[in-house]
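Following: one structure in structure tokens, then a few remarks.
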Amino acid sequence: MELLGFQEKAASQIADRFATYSSDPLLVNRTTNVPFLQTLVSITGSGKTLMLADAISQIRDGMPIAPIVLWISKGRVVVSQTFENLSSGKYADNLSGFTVMPLLEVAPDHLKSEETPLLLVATVGKFAVEDTASEDRKIYRAQLDLAEESLWDQLKKRQTSKGLRRPLVIIYDEGHNLSDLQSERLLELAPDALIVASATLTLPPKLTNVMNRLRNDKAWTDEDFSTAVSSREVVQSGLVKERISIDGYVTPMEPAIDNLLNDMSTAQRIASDLKLPFTPKAIYVCTTNTVDGMSIAEDMKRPFRERQARPILVWRHLVEVAKIKPEKIAVYSQLKFSKDYPKPTDMRLFDGGEKDYSRFISEKFEHIIFNLSLQEGWDDPAVGFAYIDKEMASARQITQVVGRVLRQPGATHYSDPILNTAHFHIRTDEKGVFDDILHDLRKDLAAEHPSIALVVKDENSRGRRDRIEADPPRTIPTVGIESSRAQPPIARIVNGIMDFRGGDSNTVGQGSRMQVLQKVGEDSDSQFEWIEVEHSNRVSARSVFRREIQRSYPGGLRRAGGPVNLVDIENPKFDAMIELSSPAAEHIRQKAREVVSAYIQHSVIFQNDVDRPYSVGPIAIDPTASEEFKRALHSKYSGLNSLEIKFARALDRTQRVWARNPVGSGYSLPLLHEGQAYWPDFLVWVDKAVIVIDTKGDHLLVEAAASKLFEIDGAETGKRVILRLVSEGHVDISGGTVHKRSKNGYTVWSWKNGRLHPTHCETEREAVDVALSL
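If you count by this note's numbering, then the sequence shown holds residues 111 to 884, one letter each, in order.
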């Protein structure tokens, strides 16, 4: 799978930091390294598994012998999905050459290989026990038909047939579960690297010694321990939803669920109208057998229609009142029934926990009733709605559930904000309880999802509209990249790539040395010592070429193609196996950079008058902090910064129809040299043109002027798309350098005669007039 720009950057940072550290590691004793320690901090839905897979692939490429990777997590469901994705699923291509298997299926011969990298997947329960002699922990017992040592001891030694100790990289997914005991067990293996990933993370005290050594002896700072992914980039990529909407209720259960179903019905209708390949779904989170004022045993003895267990009450309301077909509803919890009063035959109950998981995910349920046990590992991006019952309503539990609703179906934002929003309906007993939860929730969400908008509604604000339709409807031609003229020069560059399949000296790395522990002597008096190894693993020229393309032209427009799509990547000379530090690898990288340059130089931004134009859709607002406008396509907007609000008011005083353009789900333009898209702030319809206007503070001017103002080819018929940039202050350009003359007024930037042209204006009204002039 192709990585997005922020994903490639994070994976490469982890790999590069490991390479730097491993060239001169610290020692615990003569034969044990202080492990490289790194946390990958990234919000749910950002693609942590893909980033980790790419990072270990890069780490493997730079090692002298094939490593062992131990990939662990707490939940069986998470581990099962990880194994499927890494072994044969969507991430398998990112681990080319790896043998992927469950930990307990590994044999001694697998551990002895120095040429085939090995990835072992397991739950922490396989080893995280106080009593390692426990009979139910196979990893600590010798399998005499395979080896005289336990698998745990074999992992500690991980010795090849030549006496070399293989490097060990430990990946801990869902790292917020990492405990002191688990850390202690993992450190027993003397890993070369411990990489922990989570949306939020605090490392356990057992790792304090490791951190202190790295701080004291390597001068590491807090930033050196962490690879953090910008949540803003994740949101803009379309991988997660843009907005979290929370409805709070101090009412019976039924009104809360009814409001959820009404919103969900609207979302399903819109998804159908847009012909999207998914149907929005809902989850209902409640305790399983807890009943107010009654024991579980007593409740079980009552007829089904008199039961008070939360899942039953939710199920009955959905079936009997909302008339939802029972086959569309799953109850995933250990709900208890007596022999005298069994469950209805049409209730789809999954009470076997993880044993029932594969049966549960094989069917397409639209409503899922569960408790928190289904949280980790279950991943259905079509879930956009959640009801949370009062017993579950704590800020921390709600924050945990957010991740199950945050992923965006199709990894793209849609023209209607209802499909880009995670909707929560939370029921509590008292208004003060909801206010306390909301206070904590705002703090949690601000820390964990800082770039996702949060809107809260209660009985006083629930009737206010937070989704405004465009009136009247308006369209604007789409803009894309036309790259056919780049094909010939790219073909010439690829033809000039040397063929290294013969494996001459150019494929061998120069000056790259790494220390590896080797066994020396006979078994009776053997010892280990460090030896220097000059060469690294060989990788395909294709892998080197694709990675350099990815670094030079990040995959922000991966769905629209890019330079690599104009290359015959199956050309046999890309099969050549080379070392990363070899002259051959540098030759391949240089050619990849030339391909990117040729793509940018010979491609053009063009207006597409053939395809269906972009139609301005509804917009989301915060009903408690919005402002009304008379000439805009939407009657209200919210969330504008100080410059945007001034400009919006000035636009509204003209006689032109205009619209605020939302980032991520609105009208976008490609940035050719960045391989990404950007969303201008405003769209204005002027005669036979649409003026696309972006307002920027002066600190962003140089970057914006260089990347967002360009001539758009095409527009032979219909409306022309014209770009303008507005910045605060009196700014001009001379000798290719931007100079700010004063803080007064505004500067409108346009593109004339192949260069930037600034016009200084005293007021925002004058700036609007200049920006709208053709």
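Just so it is clear, CB atoms sit at the ideal spot from N, CA and C, and this is done for glycine as well.
These figures come from a predicted structure and were not determined experimentally.
- Rounded to the nearest angstrom, the Cβ distance from residue 616 to residue 694 is 5 Å, consistent with a contact under 8 Å.
- Distances from the CA of residue 280 to each of 587, 300, 269 and 290 were compared; the closest alpha carbon is that of 300.
- Judged by their CB atoms, residue 228 and residue 209 are nearer to each other than the 8 Å cut-off.
- Shortest Cα-Cα distance from residue 759 to any of 652, 528, 777 and 740 involves 740.
- Under the DSSP assignment, residue 840 falls in the beta strand (DSSP E) whose first and last residues are 830–844.
- Secondary structure at residue 768: strand, using DSSP grouped into helix, strand and coil.
- One thing to note: residue 150 has its Cβ no nearer than 8 Å to the Cβ of residue 160.
- Setting aside the 5 residues that flank it on each side, residue 369 is surrounded in the same chain by 357 and 535, each with a C-beta closer than 7 Å to its C-beta; the list follows chain order.
- Leaving aside the five residues that flank residue 697 on each side, the residues in its chain whose CB is nearer than 7 Å to its CB run, in chain order, 608.
- In the structure shown, the three-state DSSP call for residue 489 is coil.
- Closest by C-alpha distance to residue 212, out of 195, 200 and 806, is 195.
- About 6 Å separates the Cβ atoms of residue 231 and residue 189, confirming a contact at the 8 Å cut-off.
- With fewer than 16 other CB atoms across the displayed protein chains lying within 10 angstroms of its CB, residue 553 is exposed.
- Residue 357 carries a strand assignment under DSSP once its states are collapsed to helix, strand and coil.
- Residue 143 has 137 as its beta-bridge partners, per DSSP.
- In the DSSP assignment, residue 265 falls within the alpha helix (DSSP H) that extends over 261–267.
- Contact annotation, residue 576 with residue 715: C-beta distance approximately 35 Å; criterion of less than 8 Å not satisfied.
- Going by C-alpha positions, residue 762 is about 16 Å away from residue 804.
- Residue 494 carries a strand assignment under DSSP once its states are collapsed to helix, strand and coil.
- Per DSSP, the continuous alpha helix (DSSP H) segment holding residue 222 begins and ends at 218–222.
- Out of 266, 337 and 197, the CA that lies nearest to the CA of residue 276 is found in 266.
- Straight through space, the alpha carbons of residue 837 and residue 619 are spaced by roughly 50 Å.
- Distance from the Cα of residue 362 is smallest, within the candidate group 498, 384 and 317, for 498.
- For residue 711, the uninterrupted alpha helix (DSSP H) run begins and ends at 693–712, by DSSP.
- As the crow flies, the alpha-carbon of residue 122 is around 13 Å from that of residue 662.
- Around the beta-carbon of residue 143, 16 or more other beta-carbon atoms lie within 10 Å, marking it buried.
- Given a length threshold of 4 residues, each whole run of the alpha helix (DSSP H) inside the region 170–232 is given here in chain order: 186–197 and 218–222.
- Residue 873: not part of any beta strand (DSSP E); DSSP gives it neither H nor E.
- Counting of Cβ neighbours within 10 angstroms places residue 337 among the buried residues, the total reaching 16 or more.
- If you check the CB distance, residue 174 and residue 303 do not come in under 8 Å.
- Judged by beta-carbon spacing, residue 395 lies beyond the 8 Å limit of residue 516, meaning their Cβ atoms are not closer than that value.
- DSSP places residue 780 in the strand class (E or B) of the three-state scheme.
- Taking 8 Å as the cut-off, the Cβ atoms of residue 532 and residue 478 do not count as close.
- According to the DSSP assignment, residue 786 belongs to the beta strand (DSSP E) that extends over 786–788.
- DSSP places residue 340 outside any alpha helix (DSSP H), giving it a letter other than H or E.
- With a cutoff of 8 Å on beta-carbon distance, residue 539 and residue 360 are scored as near each other.
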